[in-house]
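Take the sequence shown: its letters are residues 166 to 545, numbered as in my numbering.
Worksheet: one structure, shown below.
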Amino acid sequence: MLFATPSLTTDDRRVIDEIETLRTEFRHRLAQPRRWEGQLRRSLTAAAVRGSTHIEGYTISAEDAETLIAGGDISPETDGATLNAVIGYRDALTYIQHAAEFRIFSWDHTLLSALHFMMARGVDREVRPGEYRTSGVWVSGGPGRPPVYTAPDPEQVPELMDELVHWLAEGDLDTPALVRASMAHFNLVSIHPWRDGNGRMSRAVHTLVLAREGILAPEFSSIEEWLGADAYNTLEYYGALRDVQHGSWQPERDAASWIRFCLTAHHLQAQEVQRRFEAAARLWFRLERLAEQHRLGERTVSALYAAAEGHLRRTTYQAEEALTRDQALADLRTLRRLDLVESVGHARTQRYIGGSVLREIRNEVHAEVHADLYREPYRQ
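What follows is the structure, given as structure tokens:
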């Protein structure tokens, strides 16, 4: 027996409608390609990877997350466990982005095991990536404190996962995808079928359920960034889980409060994505004017945009603008000579950030699009 999908309230349905309105807006925006779209996608993917791994205690900077998504090398000071966790999650999320468009797809144990293997293969071998656990696990309440959650006995795991896989394929198909994704997340993290990585896997499956809906790319639908954005959001997330779990596997409990929490997170993250769209468009427009003022080629606008966001790399710029190495280096030298960008790091970790002019433009745009507070969807 799994936790059942709860009945939706009038407020739940209203919030879902509001989220879907925002998602429709995003879909229409993406139907009209913009030169900044690729960088926005990469930024959102990096934020999801960074957010989900940060929840588990693996912390990297936003700049390093962007670099990893672009295929670059990050700071050598990053410890091995963090690097492995972030790379593993990046690989799993990349798979999910592609799986959104697979013509042949099925929910099964092998799919879940493969995703878990991607995430956990770089950690201690005792975790046995991709294999269900054969011993008891619990979520620690901290040093000297009792567990806050005790997962089902290992003997129950195969049967519960059978039921979950069947539900993912055929259960509650008439339920809104946002709700199905939230329940997949909750049931998987509560079963806790692996020795480690259950939280990351549950958030990834949440995103995959939405991706398979086929309406919007996963980086525009995920709530992983929001859940790991700061300590407050993460504590709220853990609190929402604990309120329903109540310390142990009790699938008869009502998951309505969890659905409300997830819909709130989706709504708030959608508001953030809406602002990201607006910020990207405004920033690009102003950088086009700046390039014209300095008689720079149109292609340099993408370099200025990346630098303003703090993650311009020669190799990425070269690839995105289809340049030779010498052309890319010449453009970067010009931007440095004009004091529009500054170099940080060296060799394989070298990147460029915005100079004072770019920082001022970006700060102005950020202030404009974040002038209003986020709206709490359940407050009328």
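A virtual CB, placed ideally from N, CA and C, is assigned to each residue, including glycine.
Between the C-alpha atoms of Arg502 and Glu463 there is a straight-line separation of about 18 Å.
When DSSP assignments are scanned along the region 245–308, no uninterrupted stretch of beta strand (DSSP E) that is 3 or more residues long falls wholly within it.
Restricting attention to Glu190, Val374, Gly216, the CA atom closest to the CA of Leu277 is found in Val374.
Taken through DSSP and simplified to helix, strand or coil, Glu401 comes out as helix. In this structure, Arg447 is the residue among Arg447, Glu486, Leu338 with its C-alpha nearest to the C-alpha of Ala532.
The three-state secondary structure of Tyr482, taken from DSSP, is helix. Here the C-alpha atom of Met326 lies approximately 16 Å from the C-alpha atom of Gly301.
Assigned with DSSP and collapsed to three states, Ser386 falls in coil, not helix or strand. Asn352 is not a Cβ neighbour of Leu333, given a cutoff of 7 Å. By the Cβ-count criterion, His431 is buried, with 16 or more other Cβ atoms from all chains shown falling within 10 Å of its own Cβ.
Asp244 and Ala250 have their C-alpha atoms roughly 10 Å apart. Under the three-state reduction of DSSP, Tyr314 is assigned to strand. For Tyr517, the enclosing beta strand (DSSP E) has its first and last residue at 516–519.
Taking the CA atoms as reference points, Thr210 sits about 13 Å from Gln434.
A direct Cα-Cα distance of roughly 15 Å separates Asp182 from Arg345.
Annotated as distal: Ala456 and Trp201, with beta-carbon spacing of 7 Å or more. Here Val522 has Leu455, Asp504, Leu505 as same chain residues with Cβ atoms under 8 Å from its own Cβ, once five neighbours each way along the sequence are excluded.
Rounded to the nearest angstrom, the Cβ distance from Val304 to Tyr314 is 4 Å, consistent with a contact under 8 Å. Secondary structure remark: continuous alpha helix (DSSP H) runs of at least 4 residues inside the region 181–207: none found. As the crow flies, the alpha-carbon of Arg365 is around 12 Å from that of Asp256. Here the alpha carbon of Gln204 sits roughly 8 Å from the alpha carbon of Ala471. In the structure shown, Glu507 falls within a strand segment according to DSSP collapsed to helix, strand and coil.
Here Arg368 is not near Ser208, since their CB atoms are 7 Å or more apart. The DSSP assignment places 465–473, 479–485 as complete runs of the alpha helix (DSSP H) inside the region 444–494, in order along the chain (cut-off: 4 residues). Secondary structure at Ser413: strand, using DSSP grouped into helix, strand and coil. Cβ contact annotation for Arg298 (same chain, cutoff 7 Å, sequence separation greater than five): Pro319, Val322, Pro358, Trp359, Arg360, in chain order. Measuring C-alpha to C-alpha distances from Thr174 to each of Glu390, Ser422, His274, Arg516 identifies Ser422 as the nearest.
Per the Cβ contact rule, the region 383–396 is in contact with the region 217–235 (3 or more Cβ pairs under 8 Å).
Looking at Glu417, Ile269, Thr189, the one whose alpha-carbon comes closest to that of Pro171 is Glu417.
When C-beta atoms of the region 380–391 are compared with those of the region 184–192, three or more pairs fall below 8 Å, so the two segments count as touching. A distance below 7 Å separates the beta carbons of Ala473 and Arg527.
Distance from the Cα of Tyr260 is smallest, within the candidate group Leu248, Val214, Ala246, Gly520, for Val214. Between Glu389 and the set Val438, Glu324, Gly412, Ile356, the nearest pair of CA atoms involves Val438. Under the three-state reduction of DSSP output, Gly364 falls in the helix class. Listed in chain order, the non-local C-beta contacts of His274 below 7 Å within the same chain comprise Met326, Val330, local neighbours out to five positions each way being set aside. For Arg345, the uninterrupted alpha helix (DSSP H) run begins and ends at 342–356, by DSSP.
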